[in-house]
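Engineer:
There are 2 protein chains.
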Amino acid sequence: MRPRFYVPDLDPAAERIPLPDDEAEHLARVLRLGAGAEVEIFDGRGGLWRANVVQAGKRAVHVKPGERVAAALEARIPIVLVPSVLKADKMDDVVRDAVMLGVTAIHPVLSERSEISLAALTRSHRTDRWRRIAVVSAKQCGRAVVPAILEPTTFDAYLAGGESVGGGKPLGLPGIRLLCVEPSAVEGRARSVHDVPAPSSAQVIVGPEGGWTPGEVVSAIANGAVPVSLGGRTLRADAVPLVALTAVLTIWRAM
Amino acid sequence: MRPRFYVPDLDPAAERIPLPDDEAEHLARVLRLGAGAEVEIFDGRGGLWRANVVQAGKRAVHVKPGERVAAALEARIPIVLVPSVLKADKMDDVVRDAVMLGVTAIHPVLSERSEISLAALTRSHRTDRWRRIAVVSAKQCGRAVVPAILEPTTFDAYLAGGESVGGGKPLGLPGIRLLCVEPSAVEGRARSVHDVPAPSSAQVIVGPEGGWTPGEVVSAIANGAVPVSLGGRTLRADAVPLVALTAVLTIWRAM
Chain L
-19 MRPRFYVPDL
-9 DPAAERIPLP
1 DDEAEHLARV
11 LRLGAGAEVE
21 IFDGRGGLWR
31 ANVVQAGKRA
41 VHVKPGERVA
51 AALEARIPIV
61 LVPSVLKADK
71 MDDVVRDAVM
81 LGVTAIHPVL
91 SERSEISLAA
101 LTRSHRTDRW
111 RRIAVVSAKQ
121 CGRAVVPAIL
131 EPTTFDAYLA
141 GGESVGGGKP
151 LGLPGIRLLC
161 VEPSAVEGRA
171 RSVHDVPAPS
181 SAQVIVGPEG
191 GWTPGEVVSA
201 IANGAVPVSL
211 GGRTLRADAV
221 PLVALTAVLT
231 IWRAM
Chain X
-19 MRPRFYVPDL
-9 DPAAERIPLP
1 DDEAEHLARV
11 LRLGAGAEVE
21 IFDGRGGLWR
31 ANVVQAGKRA
41 VHVKPGERVA
51 AALEARIPIV
61 LVPSVLKADK
71 MDDVVRDAVM
81 LGVTAIHPVL
91 SERSEISLAA
101 LTRSHRTDRW
111 RRIAVVSAKQ
121 CGRAVVPAIL
131 EPTTFDAYLA
141 GGESVGGGKP
151 LGLPGIRLLC
161 VEPSAVEGRA
171 RSVHDVPAPS
181 SAQVIVGPEG
191 GWTPGEVVSA
201 IANGAVPVSL
211 GGRTLRADAV
221 PLVALTAVLT
231 IWRAM
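The listed protein sequences correspond, in order, to chains L and X.
Mapping to the numbering used here: the first sequence position 182 is 162, numbers consecutive.
Mapping to the numbering used here: the second sequence position 189 is 169, numbers consecutive.
1. Could you please give the first and the last residue of the uninterrupted beta strand (DSSP E) stretch that includes arginine 48 of chain X?
2. Going by other Cβ atoms of all chains shown within 10 Å of its Cβ, with 16 needed for buried, is glycine 146 of chain X buried or exposed?
3. Between the C-alpha atoms of alanine 15 of chain X and aspartate -9 of chain X, what's the straight-line distance to the nearest angstrom?
4. Hey, valine 186 of chain L and serine 97 of chain L: beta-carbon distance below 8 Å or not?
5. Quick one: is glutamate 3 of chain X buried, meaning 16 or more other Cβ sit within 10 Å of its Cβ, or exposed?
6. Determine the contact status of lysine 70 of chain L and aspartate 175 of chain L, defining contact as a CB-CB distance below 8 Å.
7. Measuring straight from C-alpha to C-alpha, what distance separates tryptophan 192 of chain X and serine 180 of chain X?
8. Would you verify that the beta carbon of glutamate 143 of chain L is, or is not, closer than 8 Å to some beta carbon of chain X?
9. Just the chain X side, please: which residues come within less than 8 Å of leucine 53 of chain L by C-beta, in chain order?
10. Run down chain L in chain order and give the residues with a C-beta less than 8 Å from the C-beta of alanine 236 of chain X.
11. Are the C-beta of arginine 157 of chain X and some C-beta of chain A separated by less than 8 Å?
12. Name the residues in the region 81 to 94 of chain X whose C-beta lies less than 7 Å from a C-beta of chain L; which are they?
13. Valine 19 of chain X lies in the beta strand (DSSP E); which residues open and close that run?
14. From the beta carbon of threonine 107 of chain L, is the nearest beta carbon of chain X less than 8 Å away?
15. My guess is that valine 228 of chain L and alanine 170 of chain L are in contact by the Cβ rule of under 8 Å, so how many angstroms apart are they, rounded?
16. Could you tell me the alpha carbon to alpha carbon distance between glycine 122 of chain X and arginine 48 of chain X, rounded to whole angstroms?
17. Apart from the five residues just before and just after arginine 157 of chain X, which ones in its own chain have a Cβ nearer than 7 Å to its Cβ?
18. When the Cα atoms are used, what is the spatial distance from glycine 141 of chain L to aspartate 23 of chain X?
19. Cβ closer than 7 Å: which chain L residues qualify as neighbours of arginine 233 of chain X?
20. Please state the DSSP three-state secondary structure of alanine 114 of chain L.
21. If you measure from the beta carbon of alanine 227 of chain L to each beta carbon in chain X, is any gap under 8 Å?
22. Taking C-beta to C-beta, are valine 62 of chain L and isoleucine -3 of chain L nearer than 8 Å?
23. Just the Cα atoms here: how many angstroms apart are leucine 28 of chain X and glutamate 54 of chain X?
24. Straight-line CA distance for valine 208 of chain L to valine 161 of chain L?
25. Scan the region 97 to 128 of chain X for residues whose Cβ lies nearer than 8 Å to a Cβ of chain L and list them as they occur along the chain.
26. Going along chain L in order, which residues have a C-beta closer than 7 Å to the C-beta of arginine 216 of chain X?
27. Does DSSP put aspartate -11 of chain L in a helix, in a strand, or in coil?
28. In chain order, what residues of the same chain have a beta carbon less than 7 Å from the beta carbon of valine 74 of chain L, not counting five sequence neighbours either side?
29. By a C-beta neighbour count over all protein chains shown, 10 Å radius and 16 as the cutoff for buried, is serine 117 of chain X buried or exposed?
30. Specify, as a first and last residue, the run of the beta strand (DSSP E) that leucine 7 of chain L falls within.
31. Using only CA atoms, which one of X:Leu139, X:Lys119, X:Pro45 lies nearest to valine 197 of chain X?
32. Less than 8 Å between the beta carbons of isoleucine 113 of chain X and aspartate 77 of chain X, yes or no?
33. Of all Cβ atoms in chain X, is any one closer than 8 Å to the Cβ of serine 193 of chain L?
34. What do you reckon, are the CB atoms on arginine -18 of chain X and valine 19 of chain X nearer than 8 Å?
35. Mind checking which residues open and close the alpha helix (DSSP H) that includes isoleucine 201 of chain L?
36. Measuring alpha carbon to alpha carbon, tell me which residue in X:Pro45, X:Gln120, X:Pro132 is nearest serine 104 of chain X.
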């Protein structure tokens, strides 16, 4: 497979396209490719093209786009993963795996039992890190779409309509909201994913290591979320996104 | 939740039951429980009982079994995971997650692109390690069944009928064999998991980091394996077991 580079919003009709700094460095310093090398470039929105390196210098790398090629199939139903923020490494894995499974976006939320504050999240530039992971994962799984990583927000704010914490515009994410719960959390009120008909789009909401508080479950249901359970065993928090996404994509034949 | 201890083949009618050494140490030294403490004990075959500590000394811990209680639900279709051995940490995760998802057994195989030899596997006591991980994962997910970790074998030996490498008796695992492949591996011959009707039991076979060799795919199909693909994107090798098990358990309503 040709090495693949991410060039947001590239113009495939251009004669020469400069690579972003980090991609240029990867091409020239890590892979040690030079002029003439055959690569692929993608725009993060589904477009993937062959390209040739025309210049790879210390300061910049330019490529010339060639023919368009097919990328990996996208999931047939747009799904936004809404994960409660987990500890560092685990959250990195969640982002990587969700991209691999085909989500269109990830909207991290801070729930009551998340073990990190919004301030600490911001200070540690976690969102930037997750965005880089999303790019790497898209390359590895063959997608030409880089899912958006939305700014983290509190679970309450997300439920209320998703106004982003940074003061951005309300997100208004579309689709049915599925709240993943343990069977014991809602006293038999959780549906099986089999009983949720394929929607036009969906948000899959996953709790933190310690689970949802009873108040959060009540609040989510009051805001239209459908509680769903994923079988009879207790799943690790960092495995739930992968299991939940696989289950709904399978049931809805959208994988 | 009461702390839970694994006592293989325990007799619930006994007055006093000694815990195995590692479980006794966990109870007395790690959790610092003493006489009178309320715990649960399980036999690894589905039985789970309340119990009280009657003696917790330096040398031994004894408990008295009480009433039987319900454990987490088992998967409704017995599934054996047949994973190609991955690098150390990743394989540990595969074992942990497969137990959590409800497999009845795990039969590790060495395929051509596995990056470890049978000799190295044996020397490093990996099977013992996986067995310990299976016990821990069973406790965490609430199962009272500890899945068997079978002795690793070569993929060829497994296909030929599963004679174990240590010279044990042929395993003769039951059920349909599903070979997880990338769509590109079999030129359109892979089925979707949707097209595999629920069997009475199944073996789910997963390749190593570098994928199957063409010869392995041919050989597996010749030995009755059904190639199945898991959607349009390239999945990480260590995520495939989790995704494949979730997909078939979901499709077969067996989760």
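Every residue gets a Cβ at the ideal spot worked out from N, C-alpha and C, and that includes glycine.
The structure presented is a predicted model; accordingly, all values stated were derived computationally and were not measured.
Structural biologist: By the coordinates alone:
1. Here residue 48 of chain X refers to the residue found at position 68 of the second sequence. Counting along the chain, the beta strand (DSSP E) containing arginine 48 of chain X begins and ends at 41 to 48.
2. Taking the second sequence and counting its residues from 1, one reaches residue 146 of chain X at position 166. Residue confidence is low: glycine 146 of chain X scores 44 on pLDDT, short of 50, so the model does not pin down where it sits. No coordinate-derived value is stated.
3. Position 35 of the second sequence, counted from the start, is the residue given in the question as residue 15 of chain X. Position 11 of the second sequence, counted from the start, is the residue given in the question as residue -9 of chain X. Cα to Cα, alanine 15 of chain X sits roughly 20 Å from aspartate -9 of chain X.
4. Counting from 1 along the first sequence, the entry for residue 186 of chain L is found at position 206. Counting from 1 along the first sequence, the entry for residue 97 of chain L is found at position 117. Taking 8 Å as the Cβ cut-off, valine 186 of chain L and serine 97 of chain L do not qualify as a contacting pair.
5. Along the second sequence, read from residue 1 onward, the residue named residue 3 of chain X stands at position 23. Buried.
6. Position 90 of the first sequence holds residue 70 of chain L. Position 195 of the first sequence holds residue 175 of chain L. Result no, Cβ atoms of lysine 70 of chain L and aspartate 175 of chain L do not sit closer than 8 Å.
7. On the second sequence, residue 192 of chain X is found 212 positions in, with the first residue counted as 1. On the second sequence, residue 180 of chain X is found 200 positions in, with the first residue counted as 1. Rounded to whole angstroms, tryptophan 192 of chain X to serine 180 of chain X spans 27 Å at the Cα level.
8. On the first sequence, position 163 is the one that residue 143 of chain L refers to. Below a pLDDT of 50, predicted positions are generally treated as unreliable, and glutamate 143 of chain L, at 42, falls in that range; the measurement from the model is reported next regardless. So no, glutamate 143 of chain L is outside the interface.
9. Translated into positions along the first sequence, residue 53 of chain L becomes position 73. Chain X residues near leucine 53 of chain L: Gly211, Gly212, Arg213.
10. Given a span of -19 to 235 for chain X in the structure shown, any question on residue 236 of chain X remains unanswerable.
11. Protein chains in the displayed structure are L and X, and chain A is not among them.
12. Of all residues in the region 81 to 94 of chain X, the ones placed with a Cβ closer than 7 Å to any Cβ belonging to chain L are Gly82, in chain order.
13. The residue labelled residue 19 of chain X in the question sits at position 39 within the second sequence. From DSSP, the beta strand (DSSP E) with valine 19 of chain X extends over 18 to 22.
14. Looking up residue 107 of chain L in the first sequence gives position 127. Judged by the 8 Å Cβ criterion, threonine 107 of chain L is not in contact with chain X.
15. To locate residue 228 of chain L, count along the first sequence from 1; it is residue 248. To locate residue 170 of chain L, count along the first sequence from 1; it is residue 190. Incorrect: roughly 14 Å between the Cβ atoms, too far for contact.
16. On the second sequence, residue 122 of chain X is found 142 positions in, with the first residue counted as 1. On the second sequence, residue 48 of chain X is found 68 positions in, with the first residue counted as 1. Near 14 Å, if we compare the C-alpha coordinates of arginine 48 of chain X and glycine 122 of chain X.
17. As a position in the second sequence, residue 157 of chain X is number 177, starting the count at 1. Excluding sequence neighbours, arginine 157 of chain X sits near Gln183, Ile185, Gly204, Ala205, Val206.
18. Residue 141 of chain L sits at position 161 when you count from the first residue of the first sequence. Residue 23 of chain X sits at position 43 when you count from the first residue of the second sequence. Approximately 48 Å, taken between the alpha carbons.
19. Counting from 1 along the second sequence, the entry for residue 233 of chain X is found at position 253. Within chain L, the residues near arginine 233 of chain X are His174.
20. If you number the first sequence from 1, residue 114 of chain L lands on position 134. Alanine 114 of chain L: helix per DSSP, three-state reduction.
21. Here the question's residue 227 of chain L lines up with position 247 in the first sequence. For alanine 227 of chain L, the answer is yes, since a Cβ of chain X falls inside 8 Å of its Cβ.
22. The sequence position of residue 62 of chain L within the first sequence is 82, counting from 1. The sequence position of residue -3 of chain L within the first sequence is 17, counting from 1. Not in contact: valine 62 of chain L and isoleucine -3 of chain L (Cβ atoms no closer than 8 Å).
23. What you label residue 28 of chain X is simply residue 48 of the second sequence in a count that begins at 1. What you label residue 54 of chain X is simply residue 74 of the second sequence in a count that begins at 1. Going from the Cα of leucine 28 of chain X to the Cα of glutamate 54 of chain X covers about 13 Å.
24. On the first sequence, position 228 is the one that residue 208 of chain L refers to. On the first sequence, position 181 is the one that residue 161 of chain L refers to. Each residue's Cα considered, the two are about 6 Å apart.
25. Residues Gln120, Cys121, Gly122, Arg123.
26. In the second sequence, the residue the question calls residue 216 of chain X occupies position 236. In chain order: Met80.
27. As a first step, residue -11 of chain L is located in the first sequence; it is residue number 9 there, counting from the start. Three-state DSSP puts aspartate -11 of chain L in coil, outside helix and strand.
28. By one-based count along the first sequence, residue 74 of chain L stands at place 94. The answer, listed in chain order, is Pro63, Leu66, Asp218, Pro221.
29. Locating residue 117 of chain X in the second sequence gives position 137, where the first residue counts as 1. By the beta-carbon neighbour count (other beta carbons within 10 angstroms, threshold 16), serine 117 of chain X is buried.
30. Within the first sequence, the letter at position 27 stands for residue 7 of chain L. Leucine 7 of chain L -> no beta strand (DSSP E), and no H or E assigned at all.
31. In the second sequence, the residue the question calls residue 197 of chain X occupies position 217. Of the candidates X:Leu139, X:Lys119, X:Pro45, the one whose C-alpha sits nearest the C-alpha of valine 197 of chain X is X:Leu139.
32. Here residue 113 of chain X is taken as the residue at index 133 of the second sequence, counted from 1. Here residue 77 of chain X is taken as the residue at index 97 of the second sequence, counted from 1. For isoleucine 113 of chain X and aspartate 77 of chain X, no; Cβs fall outside 8 Å.
33. By one-based count along the first sequence, residue 193 of chain L stands at place 213. For the sequence presented, residue 193 of chain L should be read as threonine rather than serine. Judged by the 8 Å Cβ criterion, threonine 193 of chain L is not in contact with chain X.
34. To locate residue -18 of chain X, count along the second sequence from 1; it is residue 2. To locate residue 19 of chain X, count along the second sequence from 1; it is residue 39. Yes, Cβ-Cβ distance for arginine -18 of chain X and valine 19 of chain X is below 8 Å.
35. Here the question's residue 201 of chain L lines up with position 221 in the first sequence. Run containing isoleucine 201 of chain L: 194 to 202, per the alpha helix (DSSP H) assignment.
36. As a first step, residue 104 of chain X is located in the second sequence; it is residue number 124 there, counting from the start. Of the listed residues, the one whose Cα sits closest to serine 104 of chain X is X:Pro132.
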